[in-house]
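Below: the structure, in structure tokens.
Following this line, the structure appears as structure tokens:
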């Protein structure tokens, strides 16, 4: 508790003459006797007035540095309590804000309504990425400024150990700038694949957040950011299926052999003996994508649950018999 004006005035008067009575102090300071007594009691409480010798009724002022040390200690203790309360409220505020943001991102779709906003968000996600960044890229060419902006981000992410995978449309091979970018990405450790038609524009980071167009086929309308675990998991499954069907960038393009019945029989025979899709594709002059499509058809036809089982079942049904 601070010293009020009455208490300070009485203390100063006692410094001038400690023998003054309540009546003397009342007259000298123009204060009522109750106010003087209250001030004297306060001075005694804070040890600014102490008994003189053995007579407790005779009080003399004590040095302020001694008597007011208690006031200072009380003020400091009060400040410490207030500081603790402020820290507690601030901690609670941050915890609740984090929970609010997590709930917002988990339940809501965040709209980024301009191309600039999408690029800014992609830059943030690239800097925050911990494990991987996967993208699907339809269309033939990418804008030069977008590729230039993403280069340093991708390089830093790869240096941090973040895996980068990108699926492009086959037609991008006709755009020199995009082709050079894909080559650069694979040379520094990224992975790129291509397929005839990429179904949609999509970016997934750390399997936790995804960005897709607000308007399908028109990226100029911005993007929707998705953080719902269920929705992101579904998009990840979609990405992995596309990745599985796509051809690794850099593989030599070759003219496929005709899909004759003999070719189909050879493929089934290879699968029955445990040959991989990639090996079968090389031997038959087909793309891995074509082999996988044929395998899917065979598995549907035979009701098999694995490639090896499909080959065995085809043999059991006589589908491997030599006939054209």
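Residue numbers (this note's numbering): 64 to 387. Where is the CB? At the ideal position from N, CA and C, for every residue including glycine. Just so we're clear, the structure is a prediction, and the values are computed from it rather than from any experiment.
Distance CB(residue i)-CB(residue j) smaller than 8 Å
| i | j | result |
| --- | --- | --- |
| residue 388 | residue 134 | Beyond the ends of the chain as shown, which are 64 and 387, falls residue 388; an answer cannot be given. |
| residue 341 | residue 353 | no |
| residue 225 | residue 195 | yes |
| residue 253 | residue 221 | yes |
| residue 69 | residue 98 | yes |
| residue 233 | residue 257 | yes |
| residue 199 | residue 272 | no |
| residue 288 | residue 182 | no |
| residue 201 | residue 264 | yes |
| residue 114 | residue 121 | yes |
Straight-line Cα distance separating residue j from residue i
| i | j | result |
| --- | --- | --- |
| residue 318 | residue 348 | Its pLDDT being 42, under 50, residue 318 is placed unreliably by the model, and the measurement read from it follows with that caveat. Looking at the two C-alpha atoms, the distance is approximately 8 Å. |
| residue 320 | residue 346 | Any reading at residue 320 needs caution, since the residue's pLDDT is 43, under 50, leaving its predicted position unreliable; the model's value is listed next. In a straight line, the C-alpha of residue 320 is about 10 Å away from that of residue 346. |
| residue 322 | residue 309 | Low confidence applies here, because residue 322 scores a pLDDT of 44, under 50, leaving its location unreliable; read the following figure in that light. Distance between the alpha carbons of residue 322 and residue 309 is about 20 Å. |
| residue 80 | residue 107 | 16 Å |
| residue 235 | residue 219 | 25 Å |
| residue 362 | residue 240 | 41 Å |
| residue 149 | residue 95 | 41 Å |
| residue 315 | residue 156 | Residue placement at residue 315 is poorly supported in this model, since its pLDDT is 44, which falls under 50; the coordinates are not used for a value here. |
| residue 89 | residue 102 | 11 Å |
| residue 311 | residue 336 | 25 Å |
| residue 104 | residue 161 | 52 Å |
| residue 85 | residue 67 | 18 Å |
| residue 211 | residue 247 | 12 Å |
| residue 327 | residue 251 | 39 Å |
| residue 138 | residue 147 | 14 Å |
| residue 331 | residue 376 | 10 Å |
| residue 189 | residue 304 | 23 Å |
| residue 387 | residue 369 | Because residue 387 carries a pLDDT of 44, less than 50, the predicted location of this residue cannot be relied on, and the following value inherits that uncertainty. Taking the straight line joining both Cα atoms gives about 26 Å. |
| residue 75 | residue 158 | 51 Å |
| residue 152 | residue 213 | 41 Å |
| residue 141 | residue 154 | 20 Å |
| residue 92 | residue 125 | 20 Å |
| residue 143 | residue 132 | 16 Å |
Of the listed residues the options, nearest to residue i (C-alpha basis)
| i | options | result |
| --- | --- | --- |
| residue 266 | 239, 302, 140 and 75 | 302 |
| residue 71 | 86, 268 and 109 | 109 |
| residue 270 | 294, 262 and 282 | 294 |
| residue 372 | 250, 338, 288 and 344 | 338 |
| residue 73 | 251, 115 and 123 | 123 |
| residue 207 | 199, 191, 243 and 227 | 243 |
| residue 197 | 297, 306 and 237 | 306 |
| residue 333 | 357, 311 and 312 | 357 |
| residue 209 | 186, 132, 228 and 144 | 186 |
| residue 419 | 201, 223 and 84 | This structure cannot speak to residue 419, because the chain is shown only from 64 to 387. |
| residue 296 | 283, 281, 285 and 268 | 268 |
| residue 237 | 259, 227 and 91 | 259 |
| residue 179 | 228, 284 and 152 | 284 |
(message) Report the start-end ranges of each alpha helix (DSSP H) in the stretch 120-148 that is 4 residues or longer and not cut off at the edges.
(response) 127-130
(message) At 4 residues or longer, what runs of the alpha helix (DSSP H) sit wholly inside the stretch 335-370?
(response) 340-347 and 351-365
(request) Examine the Cβ distances between the stretch 269-288 and the stretch 172-184 and report whether three or more of them are shorter than 8 Å. (result) yes
(request) Let me know the beta strand (DSSP E) ranges lying completely inside the stretch 154-226, each 3 residues or longer, listed in chain order. (result) 173-175 and 195-200
(request) Jot down the residue ranges of each uninterrupted beta strand (DSSP E) in the stretch 235-304, minimum 3 residues, whole runs only, in chain order. (result) 254-258, 265-268, 272-276 and 286-289
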